Structure formats: C-alpha cells, structure tokens
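Residue numbers (the working numbering): 1 to 218.
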C-alpha cells in the first residue's frame, strides 16, 4: 500500500477525533464515531478492499486490558525498552510510555495506523517511535518487554504471532498479550495473569463489555 505520511495523517484526522479510552481514561486516541462507516470507507477508498481494516480507529478489548494492566503495574516497563507489536492506535505503547518506559517502539504494517500512532503520541504528549515493518518476518526483537493486544484474531496471524513472541521470550524479553477470548488465542502456551471487564463497541463486538484476559508467555 503506497500512501504518503501526510495523506495518511489527513485521512485519520478527517475520519476520527480524539476521545478518552473507556478503560484507560488517562489516555486519548483518535477514534471513529461510526465504526461500520469507517470500515466501509477504508474498503472503498481504492475501489475495493485495498486498505487494511481500520484497527487503529477503535480501542479494542485486548489493547485496553493490556494498557490498563501496564499502567497498574508500572514496574513491568519502567526504565525498560518496550515493543508494542501490531500496535493499532498505539494505545498499549502509550500506556507503557506513561508508566515510565525508557523507550517505546509501536510497530504496524498499515501506514494509516502509523499516522494514528503519531497523532496519538502528540495528543498525549508522549514520545513513542512508530515503526512500519512486518516484524513477524524477522528473527526477533531486542526489546526488554513485548506487548501485544488483540493479535490472535485468525489462525495464520495467531501462529505467526506466537512464533515471534516465543523468539522474543527466548532472547530474554518479558512477553504479555491481551485477548478477549478470540478463537485462536494459544491458551496452552500462555499463563493467565489478570482478567478485566472491558467496555467495547457493540457494532464491532455485538456486546457492550467483554471479559478480557492478560496473558504472559512463560
């Protein structure tokens, strides 16, 4: 997908606006008022499903739970380097920055998500580094902490994510994931460390709240 940083930022600003995150009111992110309408716009923008879904425009349950956990347990990230993997809006990375991380990289493959991460960092006066690249194709990361919110939403993605997270763990990283019970979460490989009730968007989840688990890769 080829789009300039300026065009991506203009698109985000045109279709979303800053709003508090329900479970993490300390932070604001650019959010869409109408989830379905924005989803359709991103599909139609280039005459078909050429854009990735606008995961960056909504506070998903897994990300909210993970961000809340990080803010409630700042010792997890304080003074450490953090990778927010498949960051979407960058919410989890913003929480890590607010909790005292030494540095935060928010990784995404979608240029619109990268634009949203930049805008959200400015909106919250936080310094995080957006990084557009498919990290799952790489060996691992040298981050001290790897955080992944709502990444197990299909079979292929779950397998690729688990492989990357294992490699990060094997290099010494603390690895946490937030997930609201998606079908492909690899529960046999993870240890549950917290459970939170998270407000979500009914148009996207068909419910108003979701019980969401924070997992650790042991």
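Cβ atoms here follow ideal geometry from the backbone N, Cα and C, with glycine treated the same way.
Being a predicted model, the structure only gives us computed values, none of them experimental.
Residues near residue i in its chain [Cβ-Cβ closer than 6 Å; skip 5 each side]
{"i": "residue 106", "result": "84, 87, 90, 93, 117, 128, 130"}
{"i": "residue 150", "result": "60, 62, 63"}
{"i": "residue 136", "result": "160, 164"}
{"i": "residue 96", "result": "70, 77, 82, 104"}
{"i": "residue 175", "result": "146, 165, 168, 169, 217"}
Spatial neighbours of residue i in its chain, beta-carbon cut-off 8 Å, leaving aside the 5 residues before and after
{"i": "residue 38", "result": "15, 16, 32, 54, 57"}
{"i": "residue 197", "result": "209, 210, 211, 212"}
{"i": "residue 195", "result": "211, 212, 213, 214"}
{"i": "residue 47", "result": "Residue placement at residue 47 is poorly supported in this model, since its pLDDT is 49, which falls under 50; the coordinates still yield a value, given next. Once the five neighbours on either side are set aside, residue 47 has no close Cβ partner at all."}
Top-ranked residue by Cα proximity to residue i, from the options
{"i": "residue 108", "options": "147, 98, 72", "result": "147"}
{"i": "residue 2", "options": "193, 70, 68, 114", "result": "114"}
{"i": "residue 134", "options": "119, 111, 121, 153", "result": "111"}
{"i": "residue 12", "options": "172, 35, 199, 119", "result": "119"}
{"i": "residue 168", "options": "199, 138, 28", "result": "138"}
{"i": "residue 199", "options": "174, 44, 172, 68", "result": "68"}
{"i": "residue 173", "options": "205, 152, 80, 26", "result": "80"}
{"i": "residue 153", "options": "45, 72, 205, 40", "result": "205"}
{"i": "residue 45", "options": "176, 7, 72", "result": "7"}
{"i": "residue 25", "options": "43, 72, 203, 176", "result": "72"}
Contact set for residue i: own chain, Cβ-Cβ below 7 Å, skip 5 residues either direction
{"i": "residue 192", "result": "213, 215"}
{"i": "residue 74", "result": "99, 100"}
{"i": "residue 170", "result": "none"}
Where residue i falls: helix, strand or coil (DSSP)
{"i": "residue 47", "result": "Here the model assigns residue 47 a pLDDT of 49, short of 50, so the residue's position is not dependable and the matter cannot be decided."}
{"i": "residue 42", "result": "helix"}
{"i": "residue 188", "result": "helix"}
{"i": "residue 2", "result": "coil"}
{"i": "residue 203", "result": "helix"}
{"i": "residue 17", "result": "strand"}
{"i": "residue 178", "result": "strand"}
{"i": "residue 89", "result": "coil"}
{"i": "residue 128", "result": "coil"}
{"i": "residue 216", "result": "strand"}
{"i": "residue 70", "result": "helix"}
{"i": "residue 211", "result": "strand"}
Integer Cβ distance of residue i from residue j, believed to fall under 8 Å
{"i": "residue 217", "j": "residue 166", "result": "7 Å"}
{"i": "residue 10", "j": "residue 201", "result": "About 24 Å separates the two Cβ atoms, so there is no contact after all."}
{"i": "residue 23", "j": "residue 52", "result": "24 Å between Cβ atoms; not a contact."}
{"i": "residue 29", "j": "residue 18", "result": "7 Å"}
is_contact[residue i, chain B] using C-beta, thresh 9 Å
{"i": "residue 125", "result": "Reference to chain B is not applicable here, since this structure consists of a single protein chain."}
Inter-stretch contact at 8 Å, needing at least 3 Cβ pairs: the stretch 140 to 147 / the stretch 113 to 127: no
The stretch 205 to 218 contacting the stretch 169 to 184, beta-carbon criterion three pairs below 8 Å: yes
Contact the stretch 182 to 196 vs the stretch 143 to 159: 3+ CB pairs below 8 Å: yes
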